[in-house]
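This report refers to the structure that appears directly beneath it.
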Amino acid sequence: MHSRHRRLRSHKLTALLVVLIIIAGIGGASDLGYLALKSRADQLQAELASDLQAGQSELEAGKTLLTQANSEHAPALVAQAISSFVTAKADFLSASQQADDSRLLRYLEYAPAVGDFARSRHTAVDNIAAMGAALADAGQSVSNLDGEIIKPPSSGEAGRTLLTVLNLVQAGLVTVRADLDTAQKAAAKVDAKVLPAAQQATFLKARASIDSAVPGFAEFERLVPVLTDVLGGNGARKYLVEQVNPAELRAGGGFIGTYSLLQADHGSLKVIQSGDAYDLVNPRPNPGQPGFIPQPTPYREIIPQISWSFVDSNIYPDFPSNAAAAENFVQPRIGHIDGVISMDYYVVAQLLALTGPIDVPGYGLRVDTNNFIPQAMSHDIAGDAAHKSILSALAGILMGRIASLTPDAWPALLSMLNGLAAQRHLQAYFNDATVQGEIDRIGWSGALNLSSASDFMMEVESNYYGTKSNYFVTRHYSIALVRSGTTLRHEIAVDVINNEPCGIEARTLYKANIRLFVGASAFSTSDNLVAVAYSNPAPPNQTKLLDGWLFVNCGGGHGQAVFDYDTPWPAQNSAAQEIYWQKQPGTLADTIHVTWNSGDGQTHTADGTLSEDRMLSVSSAGVTLSAGKPAQATLPSLSLG
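Each residue of the sequence shown is one higher than the one before, counting from 21 in this note's numbering.
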């Protein structure tokens with residue numbers, strides 16, 4: 021008992037001496053006791069900083085290896101990433117344990133003059149360590165999930181589907197999110213101001229990785245149930261796939277020449293039917309017969325006696341309306357479908373880059389990513405009736421190849437489809453409202469003006485003369501914007517060159533119905549087009565319509581459509597204005613030249629292409645063209661930022 025009292029008294033005396041030495045040091049004394057204590061404190065700080073820095077370095081190494089493993093589809097790098105994360109956790113925990121076990125640090129925390137100072141640093145070390153350890157745990161979990169995605173299938177896993185992996189990932193995400201939440205809470209308890217400058221940068225970088233990772237995982241969690249439904253995880257689904265021909269451009273991307281019915285059943289994808297789109301049309305009723313529907317567009321001037329049908333259903337500027345029209349026409353013939361997907365031949369060419377060349381049985385054709393479009397067009401322009409049969413035969417084989425891609429190819433596939441959707445070569449609509457909401461959010465839906473911009477425009481051309489002129493047509497947009505007080509004047513000139521060789525097919529005149537959709541606030545509208553005899557459908561809500569005919573001769577003929585209109589300059593934002601410019605499906609990278617006069621005597625210009633939606637911004641500083649909303653549609657990836 022006496023020995024215990026002596027030890028306690030000794031500890032108290034030691035602590036008191038430490039306090040006196042620190043106070044003396046603060047007061048300017050420089051005796052040997054202070055110097056010794058300062059040396060020990062400096063050593064402790066150096067050791068803690070070393071462990072924390074080592075942990076952060078291993079954490080960064082693990083993240084880099086994980087990114088590299090994904091890009092190279094290298095499972096061996098995943099194992100190395102896990103090793104780095106394990107080491108990182110050990111380093112972080114070592115720092116925390118050393119701080120907690122330090123008698124010197126405990127004594128400093130009791131000192132009246134420096135106690136708060138010492139405690140704040142001890143708290144920072146513990147919470148930085150807790151944050152780092154939780155991030156390291158998340159890194160290990162993410163590595164395990166990524167390993168499942170990119171590993172090549174074994175002999176018994178040939179039938180492993182994306183849905184199988186998604187279910188596995190979804191279960192693992194619970195652990196990852198819990199680790200990230202732990203890291204986020206620990207980071208919030210750290211006062212970065214108490215850290216040395218060099219350590220502040222390290223801590224802020226680690227904290228930023230949490231902030232960037234959390235939204236990605238939240239997005240993944242939001243998307244997985246949608247993909248599960250689309251892939252038939254909640255029961256078999258059947259989708260109509262429109263294979264549209266942009267060489268005969270229509271509002272929805274091109275003439276619907278062929279189709280496929282795609283069945284998704286618990287992750288397995290299968291083409292169950294395909295053929296000529298007219299198979300879902302004929303026989304069509306004649307005028308006066310039950311079911312006859314006059315063409316609801318200016319196309320009626322060219323084919324007044326032919327009923328509106330599936331092949332001409334994509335007449336609207338937005339894909340949801342086109343999909344609804346297609347469903348109404350085909351469901352009486354093929355039964356219930358759960359959605360509609362539109363893809364043009366640019367999609368097929370890109371998919372062939374993933375699958376490799378495909379032999380089309382019965383036709384002696386071998387198609388690949390480079391020759392598919394020229395071969396398809398040569399048969400089409402020559403009027404070869406077999407070209408649709410070739411496309412139908414290819415559809416089933418191609419979809420089978422895509423469905424059997426190994427997991428390591430899925431990230432590339434998703435990235436490719438995302439790019440095609442941004443360029444509006446791929447559009448999707450699903451009847452389930454939850455699924456469709458997610459498709460809208462990621463920019464795959466082809467819906468109109470998803471950004472709800474008040475100043476909006478979209479030029480739409482429909483080739484109603486049955487030619488393949490759009491394979492040869494080029495166009496250039498000249499946009500002149502002038503501010504005059506509270507008004508912004510728009511002049512849009514569309515120069516169209518028809519380079520189709522004359523006589524290459526029965527008709528080579530480019531006879532296009534051109535529409536310009538603008539925001540509802542537009543006024544003083546005019547155009548130079550030939551008036552239509554039969555109106556187009558009413559424009560969608562919050563838009564107005566200018567339209568007419570443009571005729572452009574073959575052999576390099578030139579035509580120009582000119583539109584003029586005004587919009588109010590926003591009073592609440594007198595310095596700048598934005599115009600959302602939506603791209604028509606089926607077109608390529610048409611060139612753009614913009615001139616902008618802000619009303620102060622200065623003229624600014626910008627050039628670009630309409631390869632995807634654009635945001636056109638004007639202000640006193642100048643004019644810029646940037647990517648619009650769909651170009652930002654990205655499928656989530658598993659990473660730690």
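Where is the CB? At the ideal position from N, CA and C, for every residue including glycine. These numbers were taken from a predicted model, which means no experiment stands behind them.
Rounded to whole angstroms, what is the Cα-Cα separation between residue i and residue j?
i: residue 9; j: residue 340; result: Nothing in the structure corresponds to residue 9, since the chain is present only between 21 and 661.
i: residue 68; j: residue 101; result: 24 Å
i: residue 466; j: residue 196; result: 33 Å
i: residue 469; j: residue 630; result: 16 Å
i: residue 103; j: residue 420; result: 38 Å
i: residue 662; j: residue 586; result: Residue 662 lies beyond the residue range present for the chain, which begins at 21 and ends at 661; the question has no answer from this structure.
i: residue 294; j: residue 149; result: 59 Å
i: residue 455; j: residue 246; result: 5 Å
i: residue 588; j: residue 501; result: 13 Å
i: residue 142; j: residue 231; result: 24 Å
i: residue 408; j: residue 328; result: 21 Å
i: residue 352; j: residue 635; result: 41 Å
i: residue 268; j: residue 483; result: 6 Å
i: residue 259; j: residue 393; result: 24 Å
i: residue 649; j: residue 438; result: 12 Å
i: residue 510; j: residue 91; result: 45 Å
i: residue 458; j: residue 375; result: 27 Å
i: residue 291; j: residue 513; result: 43 Å
i: residue 571; j: residue 480; result: 15 Å
i: residue 450; j: residue 464; result: 11 Å
i: residue 94; j: residue 81; result: 16 Å
i: residue 644; j: residue 637; result: 5 Å
i: residue 314; j: residue 342; result: 17 Å
i: residue 348; j: residue 569; result: 28 Å
i: residue 581; j: residue 263; result: 29 Å
i: residue 319; j: residue 620; result: 45 Å
Could you check where the alpha helix (DSSP H) with residue i kicks off and where it finishes?
i: residue 352; result: 339 to 354
i: residue 188; result: 182 to 208
i: residue 392; result: 392 to 401
i: residue 460; result: 453 to 461
What residues in its chain sit with their C-beta under 7 Å from that of residue i, if we drop five residues either side in the sequence?
i: residue 371; result: 418, 422
i: residue 97; result: 85, 88, 89
i: residue 182; result: 251, 287, 430
i: residue 211; result: 140, 144
Short of 6 Å in beta carbon distance, which residues of its chain neighbour residue i, apart from the five on each side in sequence? Order them along the chain.
i: residue 613; result: 498, 627
i: residue 153; result: 109, 112, 113
i: residue 577; result: 518
i: residue 444; result: 603, 605
i: residue 203; result: 151, 154, 155, 230
i: residue 496; result: 515, 611
i: residue 284; result: 251, 252, 257
i: residue 522; result: 528, 574, 575
i: residue 116; result: 146, 149
Quick check on residue i: does DSSP put it in helix, strand or coil?
i: residue 609; result: coil
i: residue 411; result: helix
i: residue 624; result: strand
i: residue 385; result: strand
i: residue 511; result: strand
i: residue 13; result: Past the boundaries of the shown model lies residue 13; the chain is included only from 21 to 661, so the question cannot be answered.
i: residue 93; result: coil
i: residue 312; result: coil
i: residue 317; result: coil
i: residue 443; result: coil
i: residue 573; result: coil
i: residue 271; result: coil
i: residue 438; result: helix
Taking the beta strand (DSSP E) that residue i belongs to, which residues open and close that run?
i: residue 290; result: 288 to 296
i: residue 475; result: Here residue 475 belongs to no beta strand (DSSP E), and DSSP marks it neither H nor E.
i: residue 361; result: 359 to 364
i: residue 588; result: 577 to 588
i: residue 322; result: Note, residue 322: premise wrong, no beta strand (DSSP E); not H, not E.
i: residue 598; result: 596 to 601
i: residue 539; result: 530 to 539
i: residue 257; result: 257 to 265
Within its chain, find whatever has a CB closer than 8 Å to the CB of residue i; leave out the 5 residues flanking it on each side and keep chain order.
i: residue 639; result: 595, 596, 597, 618
i: residue 26; result: With a pLDDT of 45 at residue 26, under the threshold of 50, the predicted position of this residue should be treated as unreliable, and no value is reported.
Cβ of residue i within 7 Å of any heavy atom in the ligand MN?
i: residue 221; result: In the structure on display, the ligand MN does not appear, and there are no ligands present to speak of.
Original post:
Is the stretch 486 to 494 in contact with the stretch 541 to 559, if contact means three or more CB pairs nearer than 8 Å?
Top reply: no
Original post:
Does the stretch 392 to 406 come close enough to the stretch 425 to 441 that 3 or more CB-CB pairs lie under 8 Å?
Top reply: The stretch 425 to 441, when compared against the stretch 392 to 406, does not touch it at the 8 Å Cβ threshold.
**OP:** Would you check if there are 3 or more beta carbon pairs closer than 8 Å linking the stretch 305 to 313 to the stretch 558 to 574?
**Re:** No, because fewer than three Cβ pairs between the stretch 305 to 313 and the stretch 558 to 574 fall closer than 8 Å, the two stretches do not touch.
**OP:** Determine contact between the stretch 86 to 97 and the stretch 155 to 166, defined as no fewer than three beta-carbon pairs at a distance below 8 Å.
**Re:** yes
Original post:
If you pair each beta-carbon of the stretch 383 to 398 with each one of the stretch 351 to 369, do three or more pairs fall below 8 Å?
Top reply: Cβ pair count under 8 Å is three or more, so yes.
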